[in-house]
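S.K.: Protein chains in written order, with this note's numbering: chain A, 8 to 297; chain B, 200 to 515; chain C, 8 to 242.
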């Protein structure tokens, strides 16, 4: 009885850690630019595929290929923001939804063209490995992803608070006109921010690759979860993604154990809806409200 | 001066609708009649979205929920309660509208991205609830992922043509009304500057709710008609987010908050998908993605919106 | 009225008599705009009451307050950009004045004539110059049929000639039996048209009285010019 409950909570926390890992970038991009990036899941997909191909051709371990995924997605994000999304900043927010939705369609379908719709997975020696403690199972690969989520949140926080570029990003997020007057190159800051968001998202895709199914069409589902996570934690508030991820993970896990798996999806959206209506600033009340 | 053009457009619009009413007598090809019906169907649906989001600027990302509710109400009314199609159709609209009323009150307070996400979440939640309701409560009502099969209508395409045409006509008439009424000016004022509208005496809550509920009412009707037409519905079909995306993109291409925007956008996209979709299935979605990106970057006001600005026309 | 822990306006009470022009002055950040926003219902006051003809309107929705006859022009001009000037004013008449289309159209024509916006009537409101936008704000408020107009720096950015014209319009409005509260930094304007003046500083009322009384008030001079001992040296 207690074991089932404890296992459920552990599963929930680990799932939440995974959610947090891939939602942090979404929150960063929204917080700084107000862009709801509907192509977020595609960034995860590209990160996972980077690891997949490096594994398939060079037998490179996903954890070792993570830096490549980060660099690749940073460049990708930088270019996309600089030449495409920057052009709708300041226009009504619907423009950014539609634009990123267009990106989602293009990236996902080009990926299908290149790599077919096949489901793929990376089987490493540790893919199914569990640590057993007091009769509870802890899947190692998820634990690592959880650690990465913590690390990413911490490093990002540190970066935003302590570095020159981080300060420029925060200044831009607060008031882009004033930041511009202070000599911040807004377009460049936006491109760097999107690049950063894409890089940490690619990293998450990469570290998730040992235990998720990789396919060109995987993205949309992840985008939707990232949505929920970020709203729960408070949009634009960085540590919020961690809190939102954990809360959602535990809630889903409990629903899946004690009700059924389908209900846990329903609950996700019901929570999301109720949360927005009652408290759009998120659980901690620190999100930004337009 | 402008009102003259408005009259002309209204007369043209009435004339075209009247002419269309005789169409099934002349069109021999079943395929063509079906295609025309689909185009009119999508004009109506895109129009529903435009009525709400185009005019108020509140981006509804879950309109498909009212479409789905319409489908399910008609299916349940006909199969479980044996109510004939037309009364069921009406009930569908009323229930969709009522749900929109209840959901609108808390949701329409949200602004910007929050409203968009909340409506999206509501639509997905409803989809999951219809999927899981029966299994969770051990009943047989929505029939989960098995879906519901409606009584076979035995009607031909022209029957559905005559179902779709009047509803789309009403939607477009509502557009004309919005363009020329107190209500419509209220909506446009909300879109431009909500606080300024409020202090100028616009009851913003009532106006937004009015637009949201009427949009939902018509979507419910369309959902009901489609359910009867294809006779088999599942939650994943009728609540499919692709429908939402399609409405949004059609309206955006044509021009949000314009009378002709949904007409142009829906016709254009339906014909494109009909001609390209079949032949270049593999590249179709890539192209749609490309069209969206290019359209947003070079023509953010849509075809009609850009024309309006260039020609300084007030109403089209 | 408090924003978080910060009290923006505190313990201010004032009244407006029918047919009166009340000037409201004070340094930047004194809380003038916040105070008027409380009056018309944009902000809900954390404490205090507002009465209009003995009716308590505290906490009412802005559109209701507008329909009861209180309209405000905004300091940051917010025209409905995609609409023509005529339509902008029409919104005020239709919704604020609760008129039918035909009546509202007539009213709008009259108001546009009154504030002298005729030449811009069919231009998009986003495309007209600043002085015209200021008048548009005024016209929209007037069209709602309000008996009390709150003008928040409606003459900011105008040149002396335009100010004279605007003053003429205000006098016409007053003569038609309306009361006004005028926030303005331009002393010539406030002194010239106000029957009474109140002075705010740091969210409190520091003086109230006839124009000539107020300008000689010790605390007012202090608020505006700082301590008398401070002197300016230009080397």
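Idealized CB from N, CA, C, for every residue including glycine.
(1) Compare the C-beta of residue 8 (chain C) against all C-beta atoms of chain B and say whether one is closer than 7 angstroms.
(2) With residue 93 (chain A) as the anchor, note down where its beta strand (DSSP E) starts and where it stops.
(3) Do you know whose CA, among B:466, B:306, B:315 and B:397, lies nearest residue 81 (chain C)'s CA?
(4) Looking only at its own chain, which residues have a Cβ that is under 8 angstroms from the Cβ of residue 486 (chain B), when we skip the five neighbours before and after it?
(5) Which residue comes first and which comes last in the beta strand (DSSP E) that contains residue 159 (chain C)?
(6) Is DSSP giving residue 224 (chain B) helix, strand or coil here?
(7) For residue 8 (chain C), which three-state DSSP category applies?
(8) Using a threshold of 7 angstroms, state whether the C-beta atoms of residue 186 (chain C) and residue 23 (chain C) are closer than that.
(9) Going along the chain, which residues of the stretch 136-150 of chain C sit with their C-beta nearer than 7 angstroms to a C-beta in chain B?
(10) 7 angstroms is my cut-off, CB to CB: does residue 113 (chain A) come that close to chain B?
(11) In the DSSP assignment, the beta strand (DSSP E) including residue 162 (chain A) goes from what residue to what residue?
(12) Jot down the residue ranges of each uninterrupted beta strand (DSSP E) in the stretch 12-87 of chain C, minimum 3 residues, whole runs only, in chain order.
(13) Along the chain, where does the alpha helix (DSSP H) containing residue 203 (chain C) start, and where does it finish?
(14) Answer yes or no: do residue 69 (chain A) and residue 58 (chain A) have a C-beta to C-beta separation smaller than 7 angstroms?
(15) I need the DSSP call for residue 107 (chain C), collapsed to helix, strand or coil.
(16) If we ignore side chains and look at the alpha-carbon of each, how far apart do residue 77 (chain A) and residue 122 (chain A) end up?
(17) Do residue 262 (chain A) and residue 270 (chain A) have their CB atoms nearer than 7 angstroms?
(18) Using the Cβ count rule (16 or more neighbours within 10 Å means buried), how would you classify residue 114 (chain A)?
(19) I'd like to know if residue 499 (chain B) contacts chain C, where contact means its C-beta is closer than 7 angstroms to some C-beta of that chain.
(20) Across which residues does DSSP place residue 91 (chain C) in a beta bridge pair?
(21) At least one CB of chain C closer than 7 angstroms to the CB of residue 258 (chain B): is that the case?
(22) DSSP three-state label for residue 222 (chain A), please.
(23) Could you say which of B:459, B:502, B:230 and B:491 lies nearest to residue 370 (chain B) if we only look at CA atoms?
(24) Report all residues from its chain with a CB closer than 7 angstroms to the CB of residue 363 (chain B); omit the five preceding and five following residues, and keep chain order.
(25) I'd like to know whether the C-beta atoms of residue 273 (chain B) and residue 465 (chain B) end up nearer to each other than 7 angstroms.
(26) Can you tell me where the beta strand (DSSP E) holding residue 191 (chain C) begins and where it ends?
(27) Taking 7 angstroms as the CB-CB limit, is residue 335 (chain B) close to chain A?
(28) Roughly how many angstroms separate the alpha carbons of residue 401 (chain B) and residue 64 (chain C), rounded to a whole number?
(29) Considering only DSSP beta bridges, list what residue 140 (chain A) is partnered with.
(30) To the nearest angstrom, report how far apart residue 223 (chain C) and residue 134 (chain C) are at their CA atoms.
(31) For chain B, find out if any of its Cβ atoms is closer than 7 angstroms to the Cβ of residue 100 (chain A); answer yes or no.
(32) Anything in chain A within Cβ reach of residue 306 (chain B), meaning under 9 angstroms, just list it in chain order.
(33) Of all Cβ atoms in chain A, is any one closer than 7 angstroms to the Cβ of residue 320 (chain B)?
(34) Do residue 499 (chain B) and the ligand COA come close, with the Cβ less than 6 angstroms from some heavy atom?
(35) Measure from the C-beta of residue 487 (chain B) to each C-beta in chain A and report whether the shortest distance is under 7 angstroms.
(36) To which residues of the same chain is residue 198 (chain C) closer than 6 angstroms at the C-beta, ignoring the five residues directly before and after it?
M.R.: The answer reads as follows:
(1) What you label residue 8 (chain C) is simply residue 1 of the third chain in a count that begins at 1. Annotation note: pLDDT 48 at residue 8 (chain C) (below 50); position unreliable, no value reported.
(2) Here residue 93 (chain A) corresponds to residue number 86 of the first chain, with the count starting at 1. Element bounds for residue 93 (chain A): n/a, residue is neither H nor E.
(3) Residue numbering aside, residue 81 (chain C) sits at position 74 when the third chain is read from its first letter. Nearest Cα to residue 81 (chain C) within the set B:466, B:306, B:315 and B:397: B:397.
(4) Counted from its first residue, the second chain places residue 486 (chain B) at position 287. Excluding sequence neighbours, residue 486 (chain B) sits near 475 and 479.
(5) On the third chain, residue 159 (chain C) is found 152 positions in, with the first residue counted as 1. Note, residue 159 (chain C): beta strand (DSSP E), 155-159.
(6) Locating residue 224 (chain B) in the second chain gives position 25, where the first residue counts as 1. In the structure shown, residue 224 (chain B) sits in a helix (DSSP, three-state: H, G or I).
(7) Counting from one through the third chain, the residue named residue 8 (chain C) turns up at place 1. Residue placement at residue 8 (chain C) cannot be trusted, given a pLDDT of 48 that sits under 50; what the coordinates show is reported in the next sentence. Three-state DSSP puts residue 8 (chain C) in coil, outside helix and strand.
(8) Locating residue 186 (chain C) in the third chain gives position 179, counting from the first residue. Locating residue 23 (chain C) in the third chain gives position 16, counting from the first residue. Result yes, Cβ atoms of residue 186 (chain C) and residue 23 (chain C) sit closer than 7 angstroms.
(9) The residues in question are 147.
(10) Translated into the one-based positions of the first chain, residue 113 (chain A) becomes position 106. Yes, contact with chain B.
(11) Your numbering for residue 162 (chain A) matches position 155 in the first chain. From DSSP, residue 162 (chain A) is part of no beta strand (DSSP E) but of the alpha helix (DSSP H) over 147-169.
(12) As far as the stretch 12-87 of chain C is concerned, its whole beta strand (DSSP E) runs of at least 3 residues are 28-32 and 77-80.
(13) By 1-based counting over the third chain, the position of residue 203 (chain C) is 196. Residue 203 (chain C) -> not in any alpha helix (DSSP H); beta strand (DSSP E) instead, spanning 203-208.
(14) Taking the first chain and counting its residues from 1, one reaches residue 69 (chain A) at position 62. Taking the first chain and counting its residues from 1, one reaches residue 58 (chain A) at position 51. The beta carbons of residue 69 (chain A) and residue 58 (chain A) sit closer together than 7 angstroms.
(15) Start at 1 with the first residue of the third chain, and residue 107 (chain C) comes out as number 100. Reduced to three states, the DSSP call for residue 107 (chain C) is coil.
(16) One-based indexing of the first chain puts residue 77 (chain A) at position 70. One-based indexing of the first chain puts residue 122 (chain A) at position 115. C-alpha separation (whole angstroms): 21 angstroms.
(17) Translated into the one-based positions of the first chain, residue 262 (chain A) becomes position 255. Translated into the one-based positions of the first chain, residue 270 (chain A) becomes position 263. Yes, the pair counts as a contact, with Cβ atoms nearer than the cut-off.
(18) Here residue 114 (chain A) corresponds to residue number 107 of the first chain, with the count starting at 1. Answer is buried; the Cβ neighbour count reaches 16.
(19) Working through the second chain from its first residue, we reach residue 499 (chain B) at position 300. Not flagged as an interface residue toward chain C: residue 499 (chain B), since no C-beta distance is shorter than 7 angstroms.
(20) Mapped onto the third chain, residue 91 (chain C) falls at position 84. Its beta-bridge partners are C:131.
(21) Position 59 of the second chain holds residue 258 (chain B). Taking 7 angstroms as the CB threshold, residue 258 (chain B) stays off the interface with chain C.
(22) Here residue 222 (chain A) corresponds to residue number 215 of the first chain, with the count starting at 1. Looking at residue 222 (chain A) - three-state DSSP - the assignment turns out to be coil, as it is neither helix nor strand.
(23) Taking the second chain and counting its residues from 1, the one referred to as residue 370 (chain B) is at position 171. When each option's Cα is compared against that of residue 370 (chain B), the closest is B:459.
(24) Numbered from its first residue, the second chain carries residue 363 (chain B) at position 164. Cβ neighbours of residue 363 (chain B) beyond the five flanking positions: 236, 239, 240, 243 and 424.
(25) Position 74 of the second chain, counted from the first residue, corresponds to residue 273 (chain B). Position 266 of the second chain, counted from the first residue, corresponds to residue 465 (chain B). In this structure, residue 273 (chain B) lies away from residue 465 (chain B), with their beta-carbon atoms at least 7 angstroms apart.
(26) By one-based count along the third chain, residue 191 (chain C) stands at place 184. Where residue 191 (chain C) is concerned, there is no enclosing beta strand (DSSP E), given that its DSSP letter is neither H nor E.
(27) Residue 335 (chain B) sits at position 136 when you count from the first residue of the second chain. At a cut-off of 7 angstroms between beta carbons, residue 335 (chain B) contacts chain A.
(28) Locating residue 401 (chain B) in the second chain gives position 202, where the first residue counts as 1. Locating residue 64 (chain C) in the third chain gives position 57, where the first residue counts as 1. Taking the straight line from one Cα to the other gives about 17 angstroms.
(29) Counting from 1 along the first chain, the entry for residue 140 (chain A) is found at position 133. BP columns for residue 140 (chain A) point to A:143.
(30) As a first step, residue 223 (chain C) is located in the third chain; it is residue number 216 there, counting from the start. As a first step, residue 134 (chain C) is located in the third chain; it is residue number 127 there, counting from the start. When rounded, the distance between both Cα atoms is 43 angstroms.
(31) The residue labelled residue 100 (chain A) in the question sits at position 93 within the first chain. At least one chain B Cβ lies under 7 angstroms of residue 100 (chain A).
(32) Here residue 306 (chain B) refers to the residue found at position 107 when the second chain is read from its first residue. Those within 9 angstroms of residue 306 (chain B) in chain A are 280, 283 and 284.
(33) For the purposes of this step, residue 320 (chain B) is identified with residue 121 of the second chain, where counting begins at 1. Answer yes: the Cβ-Cβ gap between residue 320 (chain B) and chain A drops below 7 angstroms somewhere.
(34) With respect to small molecules bound, the structure shown includes none, and the ligand COA cannot be examined in it.
(35) Sequence index remark: in the second chain, residue 487 (chain B) carries index 288 (1-based). Yes - at least one Cβ of chain A is within 7 angstroms of the one on residue 487 (chain B).
(36) Locating residue 198 (chain C) in the third chain gives position 191, counting from the first residue. Contacts found: 218.
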